[in-house]
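See structure below.
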Amino acid sequence: MNELTTSGYQRIKEVSLRFVNAMKIGNKPGIYQKEAGEGESFYGSYHAAHVLDLFGKLNAYSQAYREEWAEHFRQRQTEQGYFSKHVADQKRIRTIEELEPVWHYTRGNIWALRVLGCKPERELSFLEPLLNAERLYDWVKHYDWKNSWAAGNQVLAAATVLFALRDWFGASEVDSLMENAMYPALEELQDAKTGFWGTQLGADLPNGLFGTIHVVPIYFALGWPLRHLERSIDSTLACQLPDGSFWPGGSDCPDFDGAYQLVNLAALTDYRREDVEAACRRYLAHALQHESPDGEGWLLHRRDSQPTDWVPRPHWIWKEGENTASAELRDEDPNREKIMLGSWFYPLSIALVSHLLGDTGYEGPYHFNSHSLHVCNVFNESLNQSI
């Protein structure tokens, strides 16, 4: 958004793209590892597309190249329209209740296709039950929002599919459906005392923050008014650790989440402006501690930290046949240094705070592509456009 190219921006770009290039396998489009030694990975390909898009590099590839890349995502789409890594799912018809294990995966495939400017071959018929307003409202409310982090992930995935259904397949009723069903459900779940989702139901502040950043992109995409801004700023500032991070030892998802929340709230209100800007500067200093010393990618943990400083981060996994998410703890292995997600989230969060502050030396022409909802901010273009 900022046409100025700084030396800091250039360094962030080079560090990020070196890792993407290092994870590339062969010459065929879209074949990437998520981390060294892992082999071909869906998440490597999905996150690589986002890193390249953040720095405006996808435009350098021909449409034919991007279409070939997109085939890696299209081949994961089932006959019912959802996406799955399991071959056995190709012909499986899932009810809404049975979609829990594939929402997140479906979301990632759709975001990847959108940043590539490509479409899937099959319509998204699995979503049909949620095209009923009463059913969609009840579905949003049925989650246990005591785990706001897990619930927010699923709802953001559903919003992703609804927007894709609108833009790819002409479902003009989606905006009205969102307004009359998802919006009132989400409004009833926001805690007026914290500005977060789920804290009144038992989520602690960090869990509420990590759930909230999966809800507010939906608001930004549709221009919905966001309430309780001052309490949300208070809560977000309370979640930041003294070193500027949002997770002990640093962690790509929580760190991005905190930066995303701060920057977007600051675009909506001047409440505690000095505190918010100071928090963003602390965050920037922290994020730079994840820059790999070899100049290639972004570390899972701060380079000045030790394993004793780390707290394993839960990844919320929805197992087949279960209606609640299970915490799978990862990222505590000292032999794992960096993954593709960090080379998306750390530069993306640096792009956000530099956009807000304007004087960091890291400003530059980052591409904020709102078709991927983690990149949809209150200050960038609306999702109301087709591709």
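Take 0 as the starting number for the sequence shown in numbering that gives the first Met the number 0 and just add one per residue.
Every residue gets a Cβ at the ideal spot worked out from N, C-alpha and C, and that includes glycine.
Span separating the alpha-carbon of residue i from that of residue j
i, j, result
"His300", "Ser171", "44 Å"
"Asp330", "Arg312", "7 Å"
"Ser15", "Gly296", "5 Å"
"Asn26", "Phe18", "16 Å"
"Gln384", "Ala258", "Summary for Gln384: the model assigns pLDDT 36, below 50, so the residue's position carries little reliability, and this model does not support an answer."
"Pro100", "Gln260", "27 Å"
"Arg271", "Glu37", "45 Å"
"Ala220", "Pro292", "37 Å"
"Ser381", "Trp317", "The predicted position of Ser381 is uncertain, since its pLDDT is 39 and thus under 50; no value can be drawn from it."
"Arg165", "Asn179", "16 Å"
"Trp246", "Phe162", "31 Å"
"Glu327", "Glu336", "19 Å"
"Gly244", "Pro333", "It is worth fixing the name first, because residue 244 is Ser in this sequence and not Gly. Taking the straight line joining both Cα atoms gives about 19 Å."
"Trp68", "Leu204", "39 Å"
"Leu412", "Thr307", "No statement about residue 412 is possible, as the shown extent of the chain runs from 0 to 386 and does not include it."
"Val173", "Pro241", "43 Å"
"Asp137", "Phe125", "17 Å"
"Tyr182", "Gly194", "15 Å"
"Leu351", "Ala87", "40 Å"
"Pro28", "Ser234", "43 Å"
"Leu176", "Asn131", "8 Å"
"Lys33", "Phe344", "14 Å"
"Leu57", "His46", "12 Å"
"Leu129", "Val139", "10 Å"
"Ala286", "Arg280", "10 Å"
"Ser353", "Cys375", "16 Å"
"Ile386", "Thr159", "Any reading at Ile386 needs caution, since the residue's pLDDT is 28, under 50, leaving its predicted position unreliable; the model's value is listed next. Rounded to whole angstroms, Ile386 to Thr159 spans 14 Å at the Cα level."
"Ala35", "Ile338", "8 Å"
"Leu30", "Phe378", "Leu is not the amino acid found at residue 30; the sequence shown has Ile there. Their Cα atoms are separated by approximately 33 Å."
Burial state of residue i (16 or more Cβ within 10 Å)
i, result
"Ser6", "exposed"
"Trp290", "First, the residue type needs correcting, since residue 290 is Glu and not Trp in the sequence shown. Glu290 should be labelled buried."
"Glu186", "exposed"
"Ala191", "exposed"
"Ile92", "exposed"
"His373", "buried"
"Asp269", "exposed"
"Asp254", "buried"
"Gly151", "buried"
"Gly360", "exposed"
"Lys90", "exposed"
"Leu347", "buried"
Alpha helix (DSSP H) segment containing residue i, residue limits
i, result
"Ala158", "147-168"
"Glu39", "From DSSP, Glu39 is part of no alpha helix (DSSP H); its letter is neither H nor E."
"Ser231", "228-238"
"Trp68", "62-73"
"Trp110", "102-115"
"Met22", "6-22"
"His285", "272-287"
"Trp343", "341-356"
"Phe209", "204-211"
"Ser175", "173-176"
"Trp138", "132-141"
"Tyr259", "251-265"
"Glu186", "182-188"
"Pro216", "215-221"
Nearest to residue i (by Cα), restricted to the options the options
i, options, result
"Val262", "Ala284, Gly201, Asp293, Ile349", "Ile349"
"Ser250", "Val214, Trp309, Ile232", "Trp309"
"Glu70", "Arg113, Thr94, Glu187", "Arg113"
"Ser342", "Leu53, Pro28, Asp233", "Leu53"
"Glu122", "Gly80, Ser325, Phe367", "Gly80"
"His314", "Tyr142, Ser244, Gly210", "Gly210"
"Thr105", "Arg73, Gly201, Leu347", "Arg73"
"Arg248", "Leu236, Ala278, Gln288", "Here residue 248 turns out to be Gly, not Arg, going by the sequence shown. Of Leu236, Ala278, Gln288, the residue nearest in Cα terms is Gln288."
"Ala324", "Ala157, Ile24, Ser147", "Ser147"
"Gln62", "Gly29, Leu115, His103, Tyr45", "Leu115"
"Gly207", "His46, Asn108, Arg230, Thr198", "Thr198"
"Ser10", "His373, Tyr365, Glu229", "Per the sequence shown, residue 10 should be read as Arg rather than Ser. Nearest option by C-alpha distance: Tyr365."
"Gln76", "Asp256, Ala111, Tyr361, Asp274", "Ala111"
"Gln153", "Met339, Pro119, Ile95, Trp167", "Ile95"
"Asn108", "His141, Thr359, Glu97, Lys84", "Lys84"
"Gly320", "Gln239, Ala157, Leu98", "Leu98"
"Ile232", "Trp196, Val275, Pro224, His213", "Val275"
"His213", "Ile24, Phe168, Glu78, Ala149", "Ala149"
"Arg65", "Lys118, Trp144, Glu13", "Lys118"
Run of the beta strand (DSSP E) containing residue i, from where it starts to where it stops
i, result
"His314", "312-316"
"Arg329", "325-329"
Any C-beta of chain C under 8 Å from that of residue i
i, result
"Ile11", "The question asks about chain C, but that chain is absent: this structure has only one protein chain."
Answer yes if the region 213-232 comes into contact with the region 362-374, meaning at least three C-beta pairs across the two stretches below 8 Å, and no otherwise. yes
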